Every structure is written in C-alpha cells, then in structure tokens.
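Encoded as structure tokens, the structure appears first; notes follow it.
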Amino acid sequence: MLNVIRKFFAKKDLVDESLTPNNIDAELENPSFVTNPDRVFHLLQQLIIEPPRCTITLNNSDSLFLTDILEIDPDFISFSPLTPSSGNQLLASQRALKLSTVLGGIPLTFNLQNICVDKSADPICLKAALPEKIYYPQRRLTKRMPTNSTTIEFKGTSRDTGVSIQGYVTDISRGGLSVIYNSNRGNIIRSDRLSYCSLVLPDNQTIAFELTVSSSKKPLLGSNKRHLGGQFENIYPQDEKKLDRYLSTLERQQLRKRRD
4 MLNVIRKFFA
14 KKDLVDESLT
24 PNNIDAELEN
34 PSFVTNPDRV
44 FHLLQQLIIE
54 PPRCTITLNN
64 SDSLFLTDIL
74 EIDPDFISFS
84 PLTPSSGNQL
94 LASQRALKLS
104 TVLGGIPLTF
114 NLQNICVDKS
124 ADPICLKAAL
134 PEKIYYPQRR
144 LTKRMPTNST
154 TIEFKGTSRD
164 TGVSIQGYVT
174 DISRGGLSVI
184 YNSNRGNIIR
194 SDRLSYCSLV
204 LPDNQTIAFE
214 LTVSSSKKPL
224 LGSNKRHLGG
234 QFENIYPQDE
244 KKLDRYLSTL
254 ERQQLRKRRD
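With my numbering, letter number 255 in the sequence shown gets 258, and the count goes up by one each step, no holes.
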C-alpha cells in the first residue's frame with residue numbers, strides 16, 4: 004500500500020481550488036471559527052493529547068475514511084494514510100480533504116490542501132500546512148426544531164459500555180438532536196459516544212450516524228425516562244440531504260402556524 008501512495012503522490016500537478024471538498028461556508032469573523040494562527044495551532048495540539056477518531060471526506064465521494072493525527076508542528080500537520088486504502092488513491096488526485104472530529108464534546112472541522120507524502124517519516128505519513136481556519140462552535144449554532152415525541156424513533160449503542168438504547172426524538176437540528184429514552188438498561192453519560200445510531204423519519208427514510216453526547220439529564224423521581232442531547236458525527240452526505248429536506252419541511256410548517 005505504501006508503494007501505491009508514493010506512486011500517486013509523485014505527481015506534481017497542483018490541486019485546483021475548485022476541487023477542495025465541501026468548503027465551509029461562513030465568514031471569517033464568525034465566532035464559530037478559529038482563525039488566529041496561534042489559536043489554530045494551540046487547538047490542534049489538543050488533538051495530540053487524547054487523539055480522537057478522525058473522519059475524512061473527499062470531494063466527489065460519498066464514502067467516509069478514517070485517519071489518525073500523528074504530529075502538530077507550527078507549520079504543518081501530519082496524519083496516517085487513510086483507511087480504507089482506496090481513499091489514498093482519491094486523495095492523490097485531489098490533494099485536498101475535509102477532516103472532522105470532536106474535541107471536548109464539540110464538533111471540530113477543517114480543510115487541508117496541497118497534501119503530500121512525508122517520505123522522511125517511518126512509517127510513511129501524509130503532511131499538509133496547518134489550516135487557515137477551524138470550525139469549532141462553542142455554542143449550538145443550529146436551532147433545534149421540536150418534534151412530536153413519538154414520531155421519530157431513535158436507536159443507538161454506547162461504544163464504551165455496549166449498552167443499547169431506544170427512544171424518541173424530542174427536538175432535532177442539522178447539527179444534533181435530543182432524545183427521551185428508557186434508562187432501565189443503563190444510563191448514557193455526557194461525552195459518551197453512541198455508535199450504530201439510526202432514526203426513522205416520518206416518511207420512513209432511515210438516517211445512520213454516530214452521536215457525541217453533550218448533555219444527559221437524570222430522570223424525574225419515580226420515572227425511568229431520561230433525556231440526552233448530542234451532536235451528529237460520521238453522517239453520510241446522502242443522509243444529510245434527507246435530514247435537510249425533513250427540517251425544511253418542519254420549518255415551513257412552523258412558519259405557517261405562526262402566520263395563522
């Protein structure tokens with residue numbers, strides 16, 4: 004595989020700006036973005052202390068790939084080759100990607116361009132200049148839309164404990180959701196990561212994702228119902244479109260109610 008990576012990255016063609024993956028559309032002054040070079044460096048350094056799982060999105064691909072951040076230098080970031088390895092071939096032709104992860108329970112996303120192979124590293128790794136800006140919202144940006152408490156079914160499994168939960172979505176946004184569930188089988192705590200999550204929209208379309216839990220409320224006395232809230236992770240582009248269509252419908256419904 005390493006020979007394949009070397010072969011593809013040996014090409015000297017520069018990446019076209021139009022090939023950069025899913026540009027993060029926001030003004031630099033948006034407080035949800037970190038743009039100061041010193042703060043960018045400091046924030047990325049925190050990813051080395053407790054290396055999280057990093058998801059890679061490439062342009063013109065619906066697949067998700069994984070990588071590990073290996074080193075943060077004032078001038079560059081280095082990371083492991085992508086898995087599955089087919090991602091390395093796509094990356095070689097584009098030399099640009101979008102990396103998404105979570106830091107302190109908050110989504111963190113940035114773009115990298117002009118990626119190259121660090122041939123001096125052992126084992127081989129990929130390398131790029133530090134990003135100019137990082138999306139790292141300290142507060143929820145997307146307004147949660149209330150739902151009928153029994154309309155959207157939710158399922159998920161704790162990555163750490165293996166506890167599976169099932170419940171209903173009480174509110175939802177393009178960035179996350181809140182769920183009410185039965186806590187008899189075990190409690191989910193803040194910062195927990197739920198895998199194999201799914202929800203079924205009213206039109207019977209299913210959305211799959213992972214969820215980073217940002218809040219967990221204890222049940223009321225005499226009740227076994229518990230609330231949790233969290234942010235979407237590793238949601239496929241086609242599922243994002245399904246979610247966006249559903250939320251647009253909800254927004255129109257609420258707008259009509261306000262007018263009436």
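Even glycine gets a Cβ: it sits at the ideal position worked out from N, Cα and C.
All figures in this text were calculated on a predicted structure; none of them were measured in a lab.
Segment limits, beta strand (DSSP E) that includes residue i
{"i": "Q110", "result": "The sequence as given places Pro at residue 110; Gln does not occur at that position. Element bounds for P110: I109 to Q116."}
{"i": "I72", "result": "I72 to I75"}
{"i": "Q234", "result": "K228 to E236"}
{"i": "K220", "result": "T209 to K220"}
{"i": "S194", "result": "Run containing S194: none; DSSP gives neither H nor E here."}
{"i": "K158", "result": "E156 to S161"}
{"i": "K130", "result": "C128 to A132"}
{"i": "G179", "result": "G179 to N185"}
{"i": "T60", "result": "C57 to T60"}
{"i": "S167", "result": "S167 to I175"}
{"i": "S81", "result": "F79 to F82"}
Host alpha helix (DSSP H) of residue i (start-end)
{"i": "G90", "result": "S89 to Q97"}
{"i": "L50", "result": "P40 to I52"}
Residue i versus the options, residue with shortest Cα-Cα distance
{"i": "D242", "options": "L61, C128, F212 and N114", "result": "F212"}
{"i": "P134", "options": "L111, E156 and D121", "result": "L111"}
{"i": "S64", "options": "V43, S96 and T38", "result": "S96"}
{"i": "Y184", "options": "C128, R196 and K220", "result": "K220"}
{"i": "R248", "options": "L204, R259 and Q234", "result": "L204"}
{"i": "S176", "options": "S201, T150, N190 and R196", "result": "T150"}
{"i": "I191", "options": "L180, T215, T86 and T70", "result": "T215"}
{"i": "R147", "options": "Q208, L250, L94 and T38", "result": "L250"}
{"i": "S201", "options": "T209, D195 and P87", "result": "T209"}
{"i": "L85", "options": "D78, L94 and P77", "result": "L94"}
{"i": "R196", "options": "L102, S218 and R42", "result": "S218"}
{"i": "T154", "options": "K136, D174 and I137", "result": "D174"}
{"i": "I52", "options": "S35, D71 and G179", "result": "D71"}
{"i": "Y171", "options": "K101, S226, A132 and H230", "result": "H230"}
{"i": "T60", "options": "Y138, R193 and L102", "result": "L102"}
{"i": "I266", "options": "I109, G107 and Q116", "result": "The shown model of the chain, from 4 to 263, leaves out residue 266, and the question about it has no answer."}
Straight-line gap, residue i to residue j (C-alpha atoms, nearest Å)
{"i": "L121", "j": "A99", "result": "Residue identity check: residue 121 is Asp in the sequence provided, not Leu. Roughly 15 Å separates the two Cα atoms."}
{"i": "T58", "j": "K228", "result": "33 Å"}
{"i": "H45", "j": "R255", "result": "42 Å"}
{"i": "Y239", "j": "L67", "result": "7 Å"}
{"i": "N25", "j": "N62", "result": "In this prediction, N25 has a pLDDT of 41, which is less than 50 and means its spatial position is unreliable; what the coordinates show is noted afterwards. So the alpha carbons of these two residues sit roughly 7 Å apart."}
{"i": "N91", "j": "D206", "result": "37 Å"}
{"i": "L73", "j": "G165", "result": "28 Å"}
{"i": "S89", "j": "L129", "result": "15 Å"}
{"i": "P55", "j": "N39", "result": "23 Å"}
{"i": "Q48", "j": "I118", "result": "19 Å"}
{"i": "L246", "j": "S123", "result": "44 Å"}
{"i": "I109", "j": "S167", "result": "23 Å"}
{"i": "F82", "j": "T252", "result": "40 Å"}
{"i": "G232", "j": "D76", "result": "35 Å"}
{"i": "P126", "j": "G107", "result": "29 Å"}
{"i": "K260", "j": "P140", "result": "30 Å"}
{"i": "S194", "j": "D78", "result": "31 Å"}
{"i": "L50", "j": "S226", "result": "39 Å"}
Outcome for residue i when other beta-carbon atoms lying within 10 angstroms are tallied against a minimum of 16
{"i": "N114", "result": "buried"}
{"i": "L258", "result": "exposed"}
{"i": "Q234", "result": "buried"}
{"i": "K244", "result": "exposed"}
{"i": "S181", "result": "buried"}
{"i": "G179", "result": "buried"}
{"i": "S186", "result": "buried"}
Cβ shell of residue i (< 8 Å), same chain only, five flanking positions each side left out
{"i": "D19", "result": "Because the pLDDT of D19 is 33, which lies under 50, any placement of that residue in the model is unreliable, and the question is left without a value."}
Cβ neighbours of residue i in the same chain (closer than 6 Å, five flanking residues each side left out)
{"i": "S198", "result": "T160, R162 and E213"}
{"i": "S169", "result": "What sits at residue 169 in the sequence shown is Gln, not Ser. Hits under 6 Å: K158."}
{"i": "K136", "result": "F36 and T38"}
Close-in-space but distant-in-sequence residues of the same chain around residue i (CB under 7 Å, 5 per side omitted)
{"i": "V105", "result": "P55, L111, T215 and E236"}
{"i": "S87", "result": "The amino acid occupying residue 87 in the given sequence is Pro; Ser does not appear at that position. Hits under 7 Å: F68."}
Residue i at chain D interface by Cβ criterion, 8 Å
{"i": "K260", "result": "No chain D is part of this structure, which consists of one protein chain only."}
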